[in-house]
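Down below is the structure, laid out as structure tokens.
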Ligand code: UTP
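In this note's numbering, the protein residues as written are 44 to 343.
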């Protein structure tokens, strides 16, 4: 057991260019794309709050206005709904505002995920913190973040989330080489490789968008040169921490086997929307019936 303070703060990088979604993301961050009836970012903020992290720092870019507006009050709309007695919609509108304390900092140039995380240094200070990527949604029925926070407290290092993927798909992800620790349900990460060729991949364990990091990651990021794509890569900094001993060293992995929805590219996004809509209470039955008829009509 270490005496590390408990994680209180969540950092949500949302300053990427979202090029895979152009032109939809020309004037709007991809984190604002709706997933059924809420922007993706709201699911992510809700997940942080559910894990007890009610101090949220969002790293934003050029298009930050829509993000800030979404988590702010809309007095005219709220009054209109109140006057009409539409309490259900009023509650839905107010939910985003009441989630927690949200702070914003701009990234400036989007020079990579590592660079975005480094922008959180002043706000976070010298305590462990969570990073949640806004295009990765974790089903609230399958909690992951609380497990990662527990592993961070236990190990005093940094923690990443891993999923098993089909071996031929690993080159789309960061990949972890790991060792099992006797008697524990988390693994020790020996090495991280960003988007390896299938033949070179050390495993089929892929890194997904949840991290609980020791604050020493900031000093490492400051000394991490631009890597793949000329961007400062969080994976490179974690690789340094993985091989470091002593205070803040060590990277551990929690293997997640629950429901996850990737909204970072068009096909995965569409699958996420259809899956969640099919499961929703108000739309599910009608949508499933229609989908059944529609797919039956499609040419084989
Ligand atoms: P992605 O790798 O998906 O990049 O970032 P992207 O720019 O958003 O999307 P594409 O590849 O151009 O389509 C993963 C997460 O990191 C954030 C993104 O907003 C996203 O939530 N990010 C990425 C930053 O905040 N800053 C960056 O410089 C890069």
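Glycine included, C-beta positions come from ideal geometry on N, C-alpha and C.
Close-in-space but distant-in-sequence residues of the same chain around residue i (CB under 6 Å, 5 per side omitted)
i, result
"residue 62", "none"
"residue 74", "57, 83, 84, 177"
"residue 304", "180, 315"
"residue 44", "With a pLDDT of 48 at residue 44, under the threshold of 50, the modelled position of that residue is not reliable, and the figure given next carries that caveat. For residue 44, where only same-chain residues beyond five positions count, there are no Cβ hits under 6 Å."
"residue 269", "275"
"residue 238", "214"
Closer than 7 Å: residue i CB and nearest the ligand UTP heavy atom
i, result
"residue 358", "Outside the displayed range of the chain (44 to 343) lies residue 358, so it cannot be described from this structure."
"residue 63", "yes"
"residue 58", "yes"
"residue 52", "no"
"residue 135", "no"
"residue 153", "yes"
"residue 344", "Missing from the structure shown is residue 344; the chain here goes from 44 to 343 and no further."
"residue 176", "yes"
"residue 158", "yes"
"residue 73", "yes"
"residue 102", "yes"
"residue 150", "yes"
"residue 217", "no"
"residue 270", "no"
"residue 307", "yes"
Residue i in three-state terms, based on DSSP
i, result
"residue 337", "helix"
"residue 184", "coil"
"residue 233", "strand"
"residue 44", "Only weak support exists for where residue 44 lies, its pLDDT of 48 falling under 50; the coordinates are left without a value."
"residue 52", "strand"
"residue 172", "strand"
"residue 112", "helix"
"residue 103", "strand"
"residue 319", "helix"
"residue 81", "strand"
"residue 207", "strand"
"residue 147", "strand"
"residue 287", "coil"
"residue 307", "coil"
"residue 221", "strand"
"residue 63", "helix"
"residue 246", "coil"
Same chain only: Cβ atoms within 7 Å of residue i, ignoring 5 sequence neighbours per side
i, result
"residue 241", "210, 211, 213, 214"
"residue 133", "121, 124, 125"
"residue 263", "280, 283, 284"
"residue 232", "203, 219, 221, 285, 294, 295, 296"
"residue 90", "175, 181, 183, 188"
"residue 331", "321"
CB-CB length for residue i against residue j, believed under 8 Å
i, j, result
"residue 284", "residue 260", "6 Å"
"residue 296", "residue 230", "5 Å"
"residue 203", "residue 254", "6 Å"
"residue 307", "residue 187", "No, residue 307 and residue 187 are not in contact; Cβ-Cβ is about 17 Å, not under 8 Å."
"residue 312", "residue 76", "7 Å"
Same chain, Cβ closer than 8 Å to residue i, five either side skipped, listed in chain order
i, result
"residue 326", "79, 320"
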